[in-house]
Amino acid sequence: MYDKLWLIPFFPLIGSIINGLLGKRFIKSEKAIGAIGTGAVFLSFLVTCRYFFQLLGDTEKVHQQVVASWMSVGKLQVDWGFLFDPLSALMLMVVCGVGSLIHLYSIGYMHGEEGFYRYFSYLNLFIFSMIMLVLGNNALVMFIGWEGVGLCSYLLIGYYFEKQSAGDAAKKAFVMNRVGDFGFLLGLFTIFWTLGSHGIWTVNFVDFSEHGHLLGVGSTVVTVATLCFFLGATGKSAQLPLYTWLPDAMEGPTPVSALIHAATMVTAGVYMIGRMNVLFAMSPTTMGVVAAVGAATAIFAASIGFAQNDIKRVLAYSTVSQLGFMFVAMGVGAFTAGIFHLMTHAFFKACLFLGSGSVIHAMHHALHHAHLDDDPQDMRNMGGLRKHMPVTWATFGISCLAIAGLPFFAGFFSKDEILWWAFASTRGSLVVWGIAAFAAGMTAFYMFRCLYMTFYGKQKTDPKAKDHVHESPWVITLPLVVLAGLATVGGFVGVPHAIDVVHIGNKLDAFLAPVFHHTQELYQIEAHGAASTEIMLMVFSVVVALIGIGIATTMYLKNPELPAKFTSTFSRLHRVVFNKWYVDEIYDAMFVNTTKQFGNFCWKFFDVKIVDGIVNGVGKVVNVLSAGLRHTQTGLFQNYALAMVLGTVVMVAIYILN
Amino acid sequence: MSDHLLSLMTFFPLVGMLIVLFLPREADRLIKSVTLIFTIIVFLISLPLAFDDVFLTSSAMHYTEFAEWISIGQYFQMNYNIGIDGISLWLVLLTTFIMPVTVLSTWHAVDKNTKGFMALLLLLETGMLGAFISLDLFLFYIFWELMLIPMYFLIGIWGGKNRIYAAIKFFIFTAVGSLLMLVAIIYVYYYSLQAGVAFENGFSAAHFAQLSIPVEAQMWLFAAFAFSFAIKVPMFPVHTWLPDAHTEAPTAGSVILAAILLKMGTYGYVRFAIPLFPVATMNYTPLLATLAVIGIIYGALVAMMQDDVKKLVAYSSVSHLGFVMLGVFAMNLQGLSGGMLQMINHGISTGALFLIVGFIYERRHTRLIVDFGGLSKVMPVFATIFMIVTFSSIGLPGTNGFVGEFLILVGAFESGLRWYTVLATTGVVLAAVYMLWMFQRVMMGKVTNPANANLKDLSAREVVVMLPLILFIFWIGVYPNTFFEKMNPSLENLISQVKGKQQIAILAEQQLDHSVTQVSVSE
Numbered sequence: 001m002y003d004k005l006w007l008i009p010f011f012p013l014i015g016s017i018i019n020g021l022l023g024k025r026f027i028k029s030e031k032a033i034g035a036i037g038t039g040a041v042f043l044s045f046l047v048t049c050r051y052f053f054q055l056l057g058d059t060e061k062v063h064q065q066v067v068a069s070w071m072s073v074g075k076l077q078v079d080w081g082f083l084f085d086p087l088s089a090l091m092l093m094v095v096c097g098v099g100s101l102i103h104l105y106s107i108g109y110m111h112g113e114e115g116f117y118r119y120f121s122y123l124n125l126f127i128f129s130m131i132m133l134v135l136g137n138n139a140l141v142m143f144i145g146w147e148g149v150g151l152c153s154y155l156l157i158g159y160y161f162e163k164q165s166a167g168d169a170a171k172k173a174f175v176m177n178r179v180g181d182f183g184f185l186l187g188l189f190t191i192f193w194t195l196g197s198h199g200i201w202t203v204n205f206v207d208f209s210e211h212g213h214l215l216g217v218g219s220t221v222v223t224v225a226t227l228c229f230f231l232g233a234t235g236k237s238a239q240l241p242l243y244t245w246l247p248d249a250m251e252g253p254t255p256v257s258a259l260i261h262a263a264t265m266v267t268a269g270v271y272m273i274g275r276m277n278v279l280f281a282m283s284p285t286t287m288g289v290v291a292a293v294g295a296a297t298a299i300f301a302a303s304i305g306f307a308q309n310d311i312k313r314v315l316a317y318s319t320v321s322q323l324g325f326m327f328v329a330m331g332v333g334a335f336t337a338g339i340f341h342l343m344t345h346a347f348f349k350a351c352l353f354l355g356s357g358s359v360i361h362a363m364h365h366a367l368h369h370a371h372l373d374d375d376p377q378d379m380r381n382m383g384g385l386r387k388h389m390p391v392t393w394a395t396f397g398i399s400c401l402a403i404a405g406l407p408f409f410a411g412f413f414s415k416d417e418i419l420w421w422a423f424a425s426t427r428g429s430l431v432v433w434g435i436a437a438f439a440a441g442m443t444a445f446y447m448f449r450c451l452y453m454t455f456y457g458k459q460k461t462d463p464k465a466k467d468h469v470h471e472s473p474w475v476i477t478l479p480l481v482v483l484a485g486l487a488t489v490g491g492f493v494g495v496p497h498a499i500d501v502v503h504i505g506n507k508l509d510a511f512l513a514p515v516f517h518h519t520q521e522l523y524q525i526e527a528h529g530a531a532s533t534e535i536m537l538m539v540f541s542v543v544v545a546l547i548g549i550g551i552a553t554t555m556y557l558k559n560p561e562l563p564a565k566f567t568s569t570f571s572r573l574h575r576v577v578f579n580k581w582y583v584d585e586i587y588d589a590m591f592v593n594t595t596k597q598f599g600n601f602c603w604k605f606f607d608v609k610i611v612d613g614i615v616n617g618v619g620k621v622v623n624v625l626s627a628g629l630r631h632t633q634t635g636l637f638q639n640y641a642l643a644m645v646l647g648t649v650v651m652v653a654i655y656i657l658n
Numbered sequence: 001m002s003d004h005l006l007s008l009m010t011f012f013p014l015v016g017m018l019i020v021l022f023l024p025r026e027a028d029r030l031i032k033s034v035t036l037i038f039t040i041i042v043f044l045i046s047l048p049l050a051f052d053d054v055f056l057t058s059s060a061m062h063y064t065e066f067a068e069w070i071s072i073g074q075y076f077q078m079n080y081n082i083g084i085d086g087i088s089l090w091l092v093l094l095t096t097f098i099m100p101v102t103v104l105s106t107w108h109a110v111d112k113n114t115k116g117f118m119a120l121l122l123l124l125e126t127g128m129l130g131a132f133i134s135l136d137l138f139l140f141y142i143f144w145e146l147m148l149i150p151m152y153f154l155i156g157i158w159g160g161k162n163r164i165y166a167a168i169k170f171f172i173f174t175a176v177g178s179l180l181m182l183v184a185i186i187y188v189y190y191y192s193l194q195a196g197v198a199f200e201n202g203f204s205a206a207h208f209a210q211l212s213i214p215v216e217a218q219m220w221l222f223a224a225f226a227f228s229f230a231i232k233v234p235m236f237p238v239h240t241w242l243p244d245a246h247t248e249a250p251t252a253g254s255v256i257l258a259a260i261l262l263k264m265g266t267y268g269y270v271r272f273a274i275p276l277f278p279v280a281t282m283n284y285t286p287l288l289a290t291l292a293v294i295g296i297i298y299g300a301l302v303a304m305m306q307d308d309v310k311k312l313v314a315y316s317s318v319s320h321l322g323f324v325m326l327g328v329f330a331m332n333l334q335g336l337s338g339g340m341l342q343m344i345n346h347g348i349s350t351g352a353l354f355l356i357v358g359f360i361y362e363r364r365h366t367r368l369i370v371d372f373g374g375l376s377k378v379m380p381v382f383a384t385i386f387m388i389v390t391f392s393s394i395g396l397p398g399t400n401g402f403v404g405e406f407l408i409l410v411g412a413f414e415s416g417l418r419w420y421t422v423l424a425t426t427g428v429v430l431a432a433v434y435m436l437w438m439f440q441r442v443m444m445g446k447v448t449n450p451a452n453a454n455l456k457d458l459s460a461r462e463v464v465v466m467l468p469l470i471l472f473i474f475w476i477g478v479y480p481n482t483f484f485e486k487m488n489p490s491l492e493n494l495i496s497q498v499k500g501k502q503q504i505a506i507l508a509e510q511q512l513d514h515s516v517t518q519v520s521v522s523e
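For the protein sequence lines, the chains are A and B, in the order given. Using this note's numbering, the letters of the first sequence correspond one by one to residues 1 to 658. Using this note's numbering, the letters of the second sequence correspond one by one to residues 1 to 523.
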């Protein structure tokens, strides 16, 4: 029934290989390369759709397909296996759907680039890896995807490899992810051997869910293991303390930022927790840590978003912050809400990034046309673009409304569900809720700041370039429109019961129930409270969002001179925030430099002075001794004969005496 | 013919060596071609081993040959006693596979006294193959020393500026180690005669493994073997010959050194030191695991700070071989399989890295990282291949490196080496740091040095050299079972034997303790 699942990762893999090997020499044409790349992902999307709808009608919701054995070493049996259940199905729809749109967009955006074939090869390889991550039925196949997306992220951030900053950012991203992977591996080892000691030798997710309880609810083992896994998640999903790579990752082409660093890869950590929800739910400690880290990241990243002038950096910090919301959801046991926000975020954040790409694209051409070196990403060079780029403006605006959480855009439903759970869940807490609600208000502020600085007010572009800013071609605007549409209506799959006046029902909740409900029932995770409370919270968060928007409107639309006054009044605070709280500098001093110094010490002192010093010293002693002994080597036969005779005599003497 | 397949394989390179010696000195291309053909034939001779299904089920030695060789009265007898099992199978095949690749890589790199160079390479191949198939410890020792000589000359004659120091350092380190091993071998031999092993068996390792050597003696003997092998591996802190030897050796020498010779050390542990002295193994495990973990981290840290690409790769070997040792001393199937596989992986990936360094050295006559930068732009094919090998070395899932490292860490995690494993896993992070930093500085950025602006991309020959290695990088990454299924029976057998003896020793000690306490109670 679900026996062609392998087709889903197969198409992008083949697409990647074809474009990678033949693209430069044989295919050459941008259209053909773009068509192969986009087509491959679209085919995967079609296969996913087919199985998705099949799954909707099926009563059995968990399907596995094993293609072959991967590693078979004693009790460790790892398969190339896939798991198709509501969670992976939904995630695949997002990955392949948004992925197709971004591939299409890339044809326009990357037009004329020298490495066009290389770009599409990497992008397809990314989709392949992401599918493996999502579809793997065991932790190791997931890990292939997990590190595979890291590789593609490395390749695509470093796409403009001639730029020093791009190379640095790529390396930083991979290394920080590796720090997370260190945790992932240790978590896996712990689970594998502990379950094994109970006679269950497995790395399979379904087995984890079924037998996880053997680890013992609240036991140290399960806490340690899940904390290790969570470390992996903080690396991949850019949470405190491993988030610093994501803003730097903006060195990559903008569609890459949209696909990898907003919609899909960075959400892998959230997905992973969803996949192993049974294990996480067993450790209240870990859940608490997840929620706390999520909340802290949400507010911390939002604060940095206040002071950035690079349009992509604002979106990057916003992504970090929104991912924090998703972790809050996972931490308070609102798994469905977390996945829900993952989905809606994929829509509006991809749209925002692609919109910023459209703007950068237009700015770049205008500035290029006028032979100017101004930064096409700096919002201080923009303003008033609404007139020149109406489609981009409209879609960007809609997405801003969605991320701010205004009713009844997609972000409204998902964010409010998270806030509700944070407030009312048995695993929730008022502090987490308060921080998250405040961060939501901050989000509304900095997103509208971004919107105003880019599209409203006076155009600050250099006069020579001013009139060359044009709307982008259809391959770019079509994905924007589709995504803006999804950002508008996408939330209706998860209408909360409290305001469900027309009885649509919470479709998403019902769909994901086979994955999450069992856990929630087993460990008494639920959000309880009156419908009136829920509605009141909603109203409250809308008010908070409106306040954020209001402040942004006053500062950046009504009184454009205000922000400058602000920064001069609070210049010290502004400098700290502008410099991202100096976290990069602190990490450099604490980890990078000390490691380098220690490496140098090992090499220049221990290797050279100690070990080689001893060896060379022994060599010198031997030299001196042999210089003395050399005198015995006279070259006269008689002397050697004498020595032989003496030696024989001594040996015979010893033999006799013994 | 299959009765003498191993002998044919091992000594066929010597035939090649003789032919090469009779070729005219100036017939450079002819000498290389003959050598290439001979190494390919040796590979073809060994190939049936890879397809022999007997290894799937049997842990015993196969293709055995036995002949009395040197016998001195009633005092000494050694035999020509050879065979192959799942443990040596893939190392033998790695050797016969790497040799043609290496010869092909020397096409333009070696032009000084080609005749001597090729003759030594062929002699070296015989030495390496012989060491892997020896079942008689004395025979093993002869082959072990036989490898040392050609390598000494390869470094000392065809090496770089500082070659004499490097060659002598290599020789002294290894020779000191092997002398200790020789003493230990002779001790075990006379002990075996006393213990009633038949004189005709000579230095048969299998018979030695049946002995119950007193723990006290085991500790000394194991230490002698272990020291000798540790130098070869090389383990921290006796690793310092390696960076010098690697940097000074010609590319072909470095490839063979990394791919095969280092494995001789780790193989020595698995084949001899552990089964012969199981109780000592148990007692030394904490020490060796500690050194292995230090090696992993230390090698990585020092590699990170290198400014010479070749030295960086050399230090990375210290780190990688640390993983192998950790896996071996985990003494469970996952750890040992992972360790054995990682030996092959390291041979392929690090061999490939040395070839890559050779490619750019031939073009620029420098190996300093600062002299490069931006090569991706000028040499795109090279960039792709370098990238694949780099990520294989980092251990990216889907490539060979991951499977080996993962199994080693899984195995070590179970075996009471849990905290060692946690530390070792940081090596996974550090590997990414030093490899990617190097890759960035060599390949990315703008071409700043005009000397790099017009470098030629890889030639067809160079691509042919790399392709087989890349094939195995992915093959082992995606379907390692090809290799596991044939080595696991032998490894399982080894583990059960060693664990059995260790168990007996533990029980005996407990009983001793018990009786002591009983005595004290009765008093």
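Glycine included, every Cβ here is placed at the ideal spot set by N, Cα and C.
Within this structure, are the beta carbons of A/S257 and A/A362 separated by less than 8 Å? Here residue 257 of chain A refers to the residue found at position 257 of the first sequence. Here residue 362 of chain A refers to the residue found at position 362 of the first sequence. No, these two residues do not count as a Cβ contact at 8 Å.
Within-8 Å CB hit, A/W193 to chain B: The residue given as residue 193 of chain A occupies position 193 in the first sequence. Taking Cβ atoms only, chain B reaches closer than 8 Å to A/W193, which makes this a yes.
Count Cβ pairs between the stretch 458 to 472 of chain A and the stretch 356 to 375 of chain A that sit closer than 8 Å; are there 3 or more? The stretch 458 to 472 of chain A and the stretch 356 to 375 of chain A touch, with no fewer than 3 CB-CB distances between them shorter than 8 Å.
Among A/L21, A/I200, A/L546, whose alpha-carbon lies nearest the alpha-carbon of A/A437? Here residue 437 of chain A refers to the residue found at position 437 of the first sequence. Distances from the CA of A/A437 to each of A/L21, A/I200, A/L546 were compared; the closest alpha carbon is that of A/L546.
Since B/Y63 is in the beta strand (DSSP E), which residue starts that stretch and which ends it? Position 63 of the second sequence holds residue 63 of chain B. Unbroken beta strand (DSSP E) run through B/Y63: 62 to 72.
Using a threshold of 8 Å, state whether the C-beta atoms of B/G347 and B/L336 are closer than that. Sequence index remark: in the second sequence, residue 347 of chain B carries index 347 (1-based). Sequence index remark: in the second sequence, residue 336 of chain B carries index 336 (1-based). In this structure, B/L336 does not lie closer than 8 Å to B/G347 by Cβ.
Are A/M250 and A/A329 touching if we call contact CB-CB under 8 Å? The sequence position of residue 250 of chain A within the first sequence is 250, counting from 1. The sequence position of residue 329 of chain A within the first sequence is 329, counting from 1. Going by C-beta atoms, A/M250 is not nearer than 8 Å to A/A329.
Which residue marks the beginning of the beta strand (DSSP E) containing B/A451, and which one marks its end? On the second sequence, position 451 is the one that residue 451 of chain B refers to. From DSSP, B/A451 is part of no beta strand (DSSP E); its letter is neither H nor E.
Report the three-state DSSP secondary structure of B/V197 (helix, strand or coil). Mapped onto the second sequence, residue 197 of chain B falls at position 197. Of the three classes helix, strand and coil, the one that applies to B/V197 here is coil, per DSSP.
Measuring straight from C-alpha to C-alpha, what distance separates A/A298 and A/Q322? As a first step, residue 298 of chain A is located in the first sequence; it is residue number 298 there, counting from the start. As a first step, residue 322 of chain A is located in the first sequence; it is residue number 322 there, counting from the start. If you draw a straight line from the Cα of A/A298 to the Cα of A/Q322, it is about 6 Å long.
Return yes when the Cβ of A/L231 is within less than 8 Å of the Cβ of A/G183, no when it is not. To locate residue 183 of chain A, count along the first sequence from 1; it is residue 183. To locate residue 231 of chain A, count along the first sequence from 1; it is residue 231. Result yes, Cβ atoms of A/G183 and A/L231 sit closer than 8 Å.
By how many angstroms is the C-alpha of A/E417 removed from the C-alpha of A/L512? Reading the first sequence from its first residue, position 512 is the one you call residue 512 of chain A. Reading the first sequence from its first residue, position 417 is the one you call residue 417 of chain A. C-alpha separation (whole angstroms): 15 Å.
Of the residues A/K507, A/I311, A/G167, A/I339, the one placed nearest A/F448, counting alpha carbons only: Position 448 of the first sequence, counted from the start, is the residue given in the question as residue 448 of chain A. Considering only alpha carbons, the answer is A/I311.
Can you tell me where the beta strand (DSSP E) holding A/I525 begins and where it ends? Taking the first residue of the first sequence as position 1, residue 525 of chain A is located at position 525. No beta strand (DSSP E) holds A/I525; DSSP gives it neither H nor E.
Members of the stretch 580 to 601 of chain A that neighbour chain B once the beta carbon cut-off is set at 8 Å: Those residues of the stretch 580 to 601 of chain A that come within reach of chain B (Cβ to Cβ, closer than 8 Å) are T595, K596, F598, G599, N600.
Alpha-carbon to alpha-carbon, B/A412 and A/G196: Walking along the first sequence from the start, residue 196 of chain A turns up at place 196. Walking along the second sequence from the start, residue 412 of chain B turns up at place 412. Their Cα atoms are separated by approximately 15 Å.
Within 8 Å, strictly: CB atoms of B/M435 and B/S393: On the second sequence, residue 435 of chain B is found 435 positions in, with the first residue counted as 1. On the second sequence, residue 393 of chain B is found 393 positions in, with the first residue counted as 1. B/M435 places its beta carbon less than 8 Å from that of B/S393.
How would you call B/A314, buried or exposed, if buried means at least 16 neighbouring beta carbons within 10 angstroms? Position 314 of the second sequence, counted from the start, is the residue given in the question as residue 314 of chain B. Result: buried.
Express the C-alpha separation of A/V359 and A/C602 in angstroms, rounding to a whole number. Reading the first sequence from its first residue, position 602 is the one you call residue 602 of chain A. Reading the first sequence from its first residue, position 359 is the one you call residue 359 of chain A. Between A/C602 and A/V359, the alpha-carbon positions lie close to 50 Å from each other.
Chain A contact for B/F484 (CB, 8 Å cutoff): Locating residue 484 of chain B in the second sequence gives position 484, where the first residue counts as 1. Under the 8 Å criterion on CB atoms, B/F484 is classed as interfacial with respect to chain A.
For B/M1, three-class secondary structure by DSSP: By 1-based counting over the second sequence, the position of residue 1 of chain B is 1. With a pLDDT of 49 at B/M1, under the threshold of 50, the predicted position of this residue should be treated as unreliable, though the coordinate-derived value follows. Under the three-state reduction of DSSP, B/M1 is assigned to coil, being neither helix nor strand.
Under a CB-based cut-off of 8 Å, is A/I200 close to chain B? In the first sequence, counting from the first residue as 1, residue 200 of chain A sits at position 200. So, not an interface residue.
Closer than 7 Å between beta carbons: that is the criterion. Which residues of the stretch 373 to 398 of chain B meet it against chain A? Listed by position, the residues of the stretch 373 to 398 of chain B near chain A (Cβ gap below 7 Å) are G374, S376, K377, F391, L396, P397, G398.
Suppose contacts are defined by Cβ-Cβ distances below 8 Å. Is A/L342 in contact with A/V290 by that definition? In the first sequence, counting from the first residue as 1, residue 342 of chain A sits at position 342. In the first sequence, counting from the first residue as 1, residue 290 of chain A sits at position 290. In this structure, A/V290 does not lie closer than 8 Å to A/L342 by Cβ.
Using alpha carbons as the reference points, say which of A/N639, A/V495, A/G294 lies closest to A/I535. Taking the first residue of the first sequence as position 1, residue 535 of chain A is located at position 535. It is A/V495.
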